[in-house]
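Respectively, the protein sequence lines represent chains A and B. Residue numbers for the first sequence follow my numbering, so the first one is 13 and each next one is one higher. Residue numbers for the second sequence follow my numbering, so the first one is 13 and each next one is one higher.
2 protein chains.
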Amino acid sequence: MKALIAGGAGFIGSHLADYLLNEGNEVVCIDNFFIGTRQNILHLLTNPHYVFYQYDLNNMELLHQVFNKEKPDYVFHLAANSDIQASAQNPIIEYQNTYSTTFNLLEAMRLHNVKKMFFASTSAVYGNKDALLNEETALLAPISYYGGAKLGSEGLLSAYAYMNDMDVLIFRFPNVIGPRLTHGVIFDFIKRLKKDSSKLLILGDGTQTKPYLYVFDLIEAIMKFKNIGKGVTLYNVGVDTATSVTRIAEIVCQKIGASNVSFEYTGGKGGWKGDVPKFQYDLSKIHTAGWTAKYTSDEAVALTVENNLV
Amino acid sequence: MKALIAGGAGFIGSHLADYLLNEGNEVVCIDNFFIGTRQNILHLLTNPHYVFYQYDLNNMELLHQVFNKEKPDYVFHLAANSDIQASAQNPIIEYQNTYSTTFNLLEAMRLHNVKKMFFASTSAVYGNKDALLNEETALLAPISYYGGAKLGSEGLLSAYAYMNDMDVLIFRFPNVIGPRLTHGVIFDFIKRLKKDSSKLLILGDGTQTKPYLYVFDLIEAIMKFKNIGKGVTLYNVGVDTATSVTRIAEIVCQKIGASNVSFEYTGGKGGWKGDVPKFQYDLSKIHTAGWTAKYTSDEAVALTVENNLV
């Protein structure tokens, strides 16, 4: 298989490239280095089965060039603005980098007759709900521009799949963490503690509790289901456990060896406007299909802190 | 109230302008005449409470000018490509005219501090389902680019409403018919029979069965609920009855006075790729809220044929 990874120099995309190459596939990567980094793919640049293009997916002409030249038969779409806080002040970031990138990739696939796509969606499409989130019956009411643009992308995928007989696999990611992570609460805590290990500023009241999925668990799920079936296949992907922000702070302090750290809370329910303070997936669909995460949410956090300290 | 109607020279938008003016509101209309027509608003152009701009919503600069000058306090967003068949060959029509128009209007509202929006969504967000479609529990799986772009617009509305404390009313329209209708099956049948009343070409097998809502029923629902509440309020709007394509053909023939018309079917389930051949709404939410359509689907069809023959 020749796989095109959009956002392939990012945190998750670069790990996916490793796995796809390891399985014997050809990999074509497109990334504009807005969030992805050359560092993440340095080890791949000399691999004869790997090609990298530093292109922006909003340049349709360059996209056509890549499809013409490389003739991929599977597109893994992981390109998006993944920093919800950044777009909260400037929604056009999501319009361009999250929604329009999906439209452009689907147009390229339609015009170049590419029939398979994996799409990285998100828990943010659900919005703020107390109920267990089921992928087929939960109301979709995003509260961030990021979640809104991802829901819009899912709408496009559904229409393109039907109109062009494409097979599409959609995973709604929870918080995903692990090596090469570029931002988020774990990252912030380590940075702050390295500056000053006597105190730690925590956004919100610390009770925000989310399931954290270790990135290698996620990639194994993508690899397992990537050729699953006809039309659109949609899964929540995650872990049944969850970790509070205060618990993350405790794990980071312990791993760093910082004791007597004074936690200072900004207060309030969410860390920032558009943040969903608590959610839990109904994972019965993906569990029944034969995949379960190896690591609990707390284990994923602990491993990620260790990775970042190496 | 000063209402801005986007797509205000269209079939539904122009009727809404009539009702809003009649209630004593100021009305600002934007339309690019892609689908809307000057004919639809000719009677309004001399009304001192009505202003018309022949602008394209994708021109953000002109949009800012209108918001700056007119300072609307309510946006009724009915601008979209409403012709699903047209965009089936060219999805960028939906990206530009259905999705991006929503993004631009919401951006203008955010930047000019406008807090109320009505949005014309569609049954097409559900896709092709046998079940009774409930607005809160049905899976959303559009099979047309139009439905995909409308679902994307709903995602944007949800996010903007939360992030900017906007109050948003979303109606998922079924097929809406009545005076000033510009396209669709009734329109096509009348045109064909006027050319040749001996035979009538019918797309599909004629069993496609949809609820048709009379436009004045719809406008009355918009007027009733337009100030309904905080955050996002979402309703299916429609009729409990439905009309098959063959039944529409019979009604048209009867009203036109054409007898012995030979019906010729192209065959297949749907009229065209992306068409949903059958659907039925769960209307309990809007009925409980106090609105029910006055006309049945068959009555709406009959009235619409009569309007078109005047």
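Where is the CB? At the ideal position from N, CA and C, for every residue including glycine.
Determine, using beta carbons only, whether residue i comes closer than 8 Å to chain B.
i                      : result
residue 247 of chain A : no
residue 289 of chain A : no
residue 144 of chain A : no
residue 12 of chain A  : Shown here, chain A extends from 13 to 322; a query on residue 12 of chain A therefore has no answer.
residue 38 of chain A  : no
residue 163 of chain A : yes
residue 149 of chain A : yes
residue 216 of chain A : no
residue 285 of chain A : yes
residue 321 of chain A : no
residue 293 of chain A : no
residue 111 of chain A : yes
residue 69 of chain A  : no
residue 250 of chain A : no
residue 152 of chain A : yes
residue 139 of chain A : yes
residue 167 of chain A : yes
Name the residue from the options whose alpha carbon lies nearest to the alpha carbon of residue i.
i                      : options                       : result
residue 276 of chain A : A:208, A:97 and A:320         : A:208
residue 299 of chain A : A:44, A:247 and A:291         : A:247
residue 145 of chain B : A:142, A:161, A:149 and A:143 : A:149
residue 100 of chain A : B:95, B:106 and B:175         : B:175
residue 20 of chain B  : B:198, B:261 and B:54         : B:54
residue 178 of chain B : B:71, B:123, B:58 and B:262   : B:123
residue 43 of chain B  : B:34, B:59 and B:70           : B:70
residue 76 of chain B  : B:140, B:233 and B:117        : B:117
residue 18 of chain A  : A:125, A:36 and A:130         : A:130
residue 273 of chain B : B:261, B:281 and B:279        : B:261
residue 310 of chain A : A:28, A:245, A:264 and A:210  : A:264
residue 79 of chain B  : B:52, B:111 and B:39          : B:39
residue 114 of chain A : A:136, A:95, A:279 and A:88   : A:88
residue 223 of chain B : B:134, B:126 and B:31         : B:134
residue 319 of chain B : B:288, B:267 and B:292        : B:267
residue 157 of chain A : A:302, A:287 and A:307        : A:287
residue 187 of chain B : B:41, B:169, B:126 and B:229  : B:229
residue 304 of chain B : B:284, B:236, B:291 and B:57  : B:236
residue 194 of chain A : A:141, A:291, A:34 and A:52   : A:52
residue 46 of chain B  : B:27, B:37 and B:68           : B:68
For residue i and residue j, which I take to be in contact (beta-carbon distance under 8 Å), what is that distance rounded to the nearest angstrom?
i                      : j                      : result
residue 205 of chain A : residue 312 of chain A : That pair is no contact at about 19 Å.
residue 173 of chain A : residue 243 of chain A : 6 Å
residue 181 of chain B : residue 240 of chain B : 6 Å
residue 128 of chain A : residue 86 of chain A  : 4 Å
residue 192 of chain B : residue 249 of chain B : The pair is not a contact, with the Cβ atoms about 19 Å apart (cut-off 8 Å).
residue 48 of chain A  : residue 106 of chain A : So it is not a contact: roughly 17 Å between Cβ atoms.
residue 214 of chain B : residue 255 of chain B : With a Cβ gap of about 13 Å, residue 214 of chain B and residue 255 of chain B do not count as contacting.
residue 119 of chain B : residue 103 of chain A : 7 Å
residue 196 of chain B : residue 315 of chain B : With a Cβ gap of about 14 Å, residue 196 of chain B and residue 315 of chain B do not count as contacting.
Say whether chain A places a C-beta atom closer than 8 Å to the C-beta of residue i.
i                      : result
residue 87 of chain B  : no
residue 105 of chain B : no
residue 115 of chain B : yes
residue 180 of chain B : no
residue 25 of chain B  : no
residue 73 of chain B  : no
residue 119 of chain B : yes
residue 280 of chain B : no
residue 244 of chain B : yes
residue 98 of chain B  : no
residue 123 of chain B : no
residue 159 of chain B : yes
Can you name the residues of chain C whose CB is closer than 9 Å to the CB of residue i?
i                      : result
residue 155 of chain B : Chain labels in this structure do not include chain C; the protein chains are A and B.
Quick check: is any heavy atom of the ligand GDP less than 7 Å from the C-beta of residue i?
i                      : result
residue 226 of chain A : Looking at this structure, you won't find the ligand GDP or any other ligand, since it has none at all.
Discussion item. Extract the residue ranges of the beta strand (DSSP E) inside the region 108-134 of chain B, only unbroken runs of 3 or more that lie entirely within it.
Written reply: 128-134
Worksheet item: Taking only runs of the beta strand (DSSP E) that begin and end inside the region 214-245 of chain A, which ones reach a length of at least 3 residues, in chain order?
Response: 224-226
Worksheet item: Taking only runs of the alpha helix (DSSP H) that begin and end inside the region 257-317 of chain B, which ones reach a length of at least 4 residues, in chain order?
Response: 257-268 and 296-300
Item to complete: Enumerate, from N- to C-terminal direction, the unbroken beta strand (DSSP E) stretches of 3 or more residues contained entirely within the region 42-86 of chain B.
Response: Along the length of the region 42-86 of chain B, whole beta strand (DSSP E) runs at least 3 residues long occupy 62-65, reported in chain order.
Worksheet item: If you scan the region 141-181 of chain B from start to end, which runs of the alpha helix (DSSP H) of 4 or more residues do you find wholly inside it?
Response: 157-176
Practice prompt. Mind checking the region 188-206 of chain B against chain A and listing, in chain order, the residues whose C-beta falls within less than 9 Å of any C-beta there?
Written response: Of all residues in the region 188-206 of chain B, none is placed with a Cβ closer than 9 Å to any Cβ belonging to chain A.
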